[in-house]
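Chains as they are written, first to last, in the numbering used here: chain R, 3 to 131; chain B, 47 to 414. Glycine included, every Cβ here is placed at the ideal spot set by N, Cα and C. Working notes, beginning with the structure itself.
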Amino acid sequence: MPGNPTNRREEFEQIFGRVLPLIDSALLQHYGLSRAEATEVEECLRDWFHGFVRRPGTPCTLDQLRPHLLSMACNAGHVYWSGKIAEEVPLDGNVRRSLALGPQRIAVELEKTQEARENPGNDSPKEKS
Amino acid sequence: MAGRIIPFPWRERRLSPEEGWAMAEQVLARPITERLEKGREFLLEDSELLLSVCEVLRSRTETAPTATCDEATFFYRFLDKPKRRIGLFDEREYYMGELALIAGGSNRLLFHREEARRWFDRAEASFTRSANGVAHVARVAYQRLALSVEERRLNEVLELAPLWVESFESMGLAEEALKCRFLEGLALRETGDIDRAVAVFRDICRRAEDQRNVRLIAQASNNLAQFYRVLGNLDEAMVYARKTLPLLKQLDNRVGLVKLRWGVGSILREQGKSGEAAAAYREALEEARSVGMRGDVAALHLVLADVLLDIGQDRQAEREVRAALPIIDEEKMVPEGYAALDLLRQALRFRQIDRKALRELHGYFGDS
Chain R
3 MPGNPTNRRE EFEQIFGRVL PLIDSALLQH YGLSRAEATE VEECLRDWFH
53 GFVRRPGTPC TLDQLRPHLL SMACNAGHVY WSGKIAEEVP LDGNVRRSLA
103 LGPQRIAVEL EKTQEARENP GNDSPKEKS
Chain B
47 MAGRIIPFPW RERRLSPEEG WAMAEQVLAR PITERLEKGR EFLLEDSELL
97 LSVCEVLRSR TETAPTATCD EATFFYRFLD KPKRRIGLFD EREYYMGELA
147 LIAGGSNRLL FHREEARRWF DRAEASFTRS ANGVAHVARV AYQRLALSVE
197 ERRLNEVLEL APLWVESFES MGLAEEALKC RFLEGLALRE TGDIDRAVAV
247 FRDICRRAED QRNVRLIAQA SNNLAQFYRV LGNLDEAMVY ARKTLPLLKQ
297 LDNRVGLVKL RWGVGSILRE QGKSGEAAAA YREALEEARS VGMRGDVAAL
347 HLVLADVLLD IGQDRQAERE VRAALPIIDE EKMVPEGYAA LDLLRQALRF
397 RQIDRKALRE LHGYFGDS
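As structure tokens, then:
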């Protein structure tokens with residue numbers, strides 16, 4: 003295999019670990035998954051992420067990778083509800099809002115919230131390098 | 047929250063990266079015709095396997111473009127119909143895009159420009175539905191720009207290449223940015239601005255060395271060898287050619303080796319060493335034939351004929367021209383050189399070679 007896969011894998015595992023709390027909160031709060039379901043989705047996302055970072059053209063910093071992870075997590079949350087029968091519509095207001103706005107919008111909101119948290123003095127989102 | 051899940055659990059056993067790589071080599075070693083029968087055994091729908099297949103094929107594009115094109119086409123068709131579920135997220139779209147891009151890039155190297163264009167369209171259509179689609183669409187744009195260089199739409203390249211350099215840099219994709227700079231340098235050379243082309247390629251060499259990108263160092267040095275030759279600095283040209291040879295061999299870059307040997311032939315010819323030049327052209331020709339680069343095979347037959355005429359081997363030169371003409375016809379190459387082609391063909395009826403027509407014709411292929 004090309005490169006030094008073990009080190010790279012560890013490096014990206016750390017990045018995944020740093021985004022995981024955000025993913026977790028998205029799945030639990032914005033999409034209303036149970037703890038067990040969220041864990042299952044997170045494991046799937048971990049597999050996907052390790053393949054994603056091996057694709058050419060994929061960035062390698064936390065700042066650049068986080069939006070992709072959040073976007074995919076929100077997609078997963080959305081698809082989770084798409085797979086349910088009509089009678090099982092969510093009652094939770096947060097979940098209903100997420101499904102109405104769509105996964106991309108929710109992912110952007112989460113990203114902005116995180117940026118604001120990391121840069122409390124800034125009104126506008128920070129520039130990506 | 048009610049939570050009976052219909053499609054859960056999603057997660058399935060998948061190959062580890064090491065298993066995926068080993069399986070990819072095993073699958074690719076098997077003839078294409080036997081693979082579908084072994085679909086289950088080979089786990090052709092496993093995302094890890096497909097990721098490794100793409101990695102292997104990308105590394106082989108310049109080594110064996112014909113085989114790479116066939117392989118990429120096979121896997122693309124496999125994923126396309128019937129529509130298969132690959133992974134849980136955007137994997138199918140990504141792999142289809144990547145395989146189409148590989149097939150397109152291989153076709154471009156093989157001179158199959160219309161096919162290349164169609165594959166790039168397919169790649170773009172799939173990539174727009176995958177994560178990080180903007181970067182992948184930019185990678186397709188790079189391939190289209192490379193095609194523009196080959197089709198001599200040079201003003202287009204000079205306008206667009208710097209824009210794509212900026213785009214790739216803004217996405218943090220330094221290697222792709224350098225590759226676009228590379229195309230800009232080629233376009234400068236083709237428009238006769240060789241001094242600026244040399245400056246661009248020297249800069250690419252420096253940056254590629256910083257990135258430890260052997261592939262780009264080799265390609266940039268290869269071009270510098272050619273440019274210094276055009277500038278008449280044959281010693282410097284040979285220095286860069288010697289620097290390039292071991293790098294291309296290390297990379298097993300046979301497409302690059304064709305260009306290098308062709309270039310070395312031209313340097314030797316300009317040094318007045320026609321016999322050695324003919325030998326270098328023959329090596330390039332054999333390499334091009336084994337890689338399946340029919341456009342270069344045709345051009346090299348013509349260039350070789352030209353140098354054989356220099357050393358009085360007229361009958362051998364005639365054979366070379368006769369070998370080139372059917373390829374030019376079959377592949378519908380150089381439509382703009384039809385008049386020269388016709389003159390050459392007429393002269394051959396009298397077992398003569400129209401030297402001016404010969405030179406005009408191989409000029410259309412671009413001297414390496």
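If you draw a straight line from the C-alpha of residue i to the C-alpha of residue j, how long is it?
i: B/Leu-224; j: B/His-408; result: 30 Å
i: R/Leu-64; j: B/Glu-236; result: 41 Å
i: R/Thr-8; j: B/Gly-66; result: 15 Å
i: R/Asn-96; j: R/Ile-17; result: 27 Å
i: B/Arg-252; j: B/Ala-271; result: 15 Å
i: B/Tyr-286; j: B/Ala-70; result: 36 Å
i: B/Glu-322; j: B/Glu-221; result: 36 Å
i: B/Arg-258; j: B/Ala-177; result: 28 Å
i: B/Phe-214; j: B/Glu-366; result: 44 Å
i: B/Arg-335; j: R/Val-43; result: 51 Å
i: R/Arg-107; j: B/Ala-233; result: 42 Å
i: B/Thr-79; j: B/Leu-155; result: 25 Å
i: B/Glu-83; j: B/Val-73; result: 12 Å
i: B/Ala-184; j: B/Lys-127; result: 26 Å
i: B/Asn-201; j: B/Leu-229; result: 12 Å
i: B/Ile-374; j: R/Val-21; result: 57 Å
i: B/Pro-292; j: B/Arg-261; result: 11 Å
i: B/Ala-344; j: B/Ala-113; result: 20 Å
i: R/Lys-86; j: B/Pro-111; result: 46 Å
i: B/Ala-326; j: B/Asp-360; result: 18 Å
i: B/Ile-357; j: B/Asp-92; result: 59 Å
i: B/Arg-50; j: R/Cys-62; result: Bear in mind that the predicted position of B/Arg-50 carries a pLDDT of just 39, short of 50, making it too unreliable to give a figure here.
i: B/Asp-241; j: B/Gly-231; result: 10 Å
i: B/Glu-160; j: B/Leu-346; result: 23 Å
Can you name the residues of chain B whose CB is closer than 9 Å to the CB of residue i?
i: R/Ser-100; result: Near R/Ser-100 there are no residues of chain B at all, since even the closest Cβ is about 13 Å away, more than 9 Å.
i: R/Asn-121; result: Those do not exist, as R/Asn-121 stays about 20 Å from chain B at its closest Cβ, beyond 9 Å.
i: R/Gln-66; result: Met-217 and Gly-218
By the 10 Å Cβ neighbour count, where 16 or more other Cβ atoms means buried, how is residue i classified, buried or exposed?
i: B/Ser-152; result: buried
i: B/Asn-269; result: buried
i: B/Asn-299; result: buried
i: B/Arg-368; result: exposed
i: B/Gln-392; result: exposed
i: B/Leu-219; result: buried
i: B/Thr-107; result: buried
i: R/Pro-105; result: buried
i: R/Val-91; result: exposed
i: B/Asp-400; result: buried
i: R/Pro-23; result: exposed
i: R/Pro-69; result: buried
i: B/Phe-396; result: exposed
i: R/Glu-19; result: Strictly speaking, residue 19 of chain R in this sequence is Gly, with Glu absent from that position. Burial call: exposed.
i: B/Asp-352; result: buried
i: B/Ala-264; result: buried
i: B/Leu-387; result: buried
For residue i, return the contacting residues in chain R, with the cut-off set at a CB-CB distance below 7 Å.
i: B/Arg-60; result: Asp-49
i: B/Leu-219; result: Gly-59
i: B/Ala-171; result: None at all; the shortest Cβ gap to chain R is about 17 Å.
i: B/Leu-97; result: Gly-53 and Arg-56
In chain R, which residues lie with their C-beta within 8 Å of the C-beta of residue i?
i: B/Glu-94; result: Gly-53
i: B/Arg-185; result: Pro-58 and Gly-59
i: B/Glu-117; result: Correct list: empty, because the minimum Cβ distance to chain R is about 17 Å.
Are residue i and residue j closer than 8 Å when you measure CB to CB?
i: B/Ala-75; j: B/Ala-118; result: no
i: R/Gly-53; j: B/Glu-94; result: yes
i: B/Val-186; j: B/Phe-166; result: yes
i: B/Val-304; j: B/Ala-330; result: yes
i: R/Leu-71; j: R/Phe-51; result: yes
i: B/Met-217; j: B/Ser-172; result: no
i: B/Val-211; j: B/Cys-226; result: yes
i: B/Arg-168; j: B/Ala-146; result: yes
i: B/Arg-275; j: B/Gly-311; result: no
i: B/Leu-404; j: B/Leu-390; result: yes
i: B/Leu-301; j: B/Val-246; result: The amino acid at residue 301 of chain B is misidentified as Leu; the sequence shows Val. Result no, Cβ atoms of B/Val-301 and B/Val-246 do not sit closer than 8 Å.
i: B/Arg-328; j: B/Leu-354; result: no
i: B/Arg-175; j: B/Asp-136; result: yes
Using 7 Å as the cut-off, classify the Cβ of residue i as near or not near the heavy atoms of the ligand GDP, replying yes or no.
i: R/Gly-95; result: In the structure on display, the ligand GDP does not appear, and there are no ligands present to speak of.
Taking residue i as the query, report the chain B residues whose CB atoms sit under 8 Å from its CB, ordered along the chain.
i: R/Ser-73; result: Ala-177
i: R/His-70; result: Ala-177 and Asn-178
List, in chain order, every chain R residue whose beta-carbon is nearer than 9 Å to that of residue i.
i: B/Glu-71; result: Simply none; closest approach about 10 Å.
i: B/Glu-422; result: As shown, chain B starts at 47 and ends at 414. That puts residue 422 of chain B outside it, with no answer to give.
i: B/Tyr-140; result: Gly-53, Phe-54 and Arg-57
Report task. Check whether the region 279-290 of chain B touches the region 312-321 of chain B, taking contact to mean three or more Cβ pairs, one atom from each stretch, closer than 8 Å. Result -> yes
Query raised in the report: Any chance the region 32-48 of chain R sits against the region 70-86 of chain R, with 3 or more Cβ pairs inside 8 Å?
Result: With a cut-off of 8 Å, the region 70-86 of chain R and the region 32-48 of chain R count as touching, because enough Cβ pairs lie within range.
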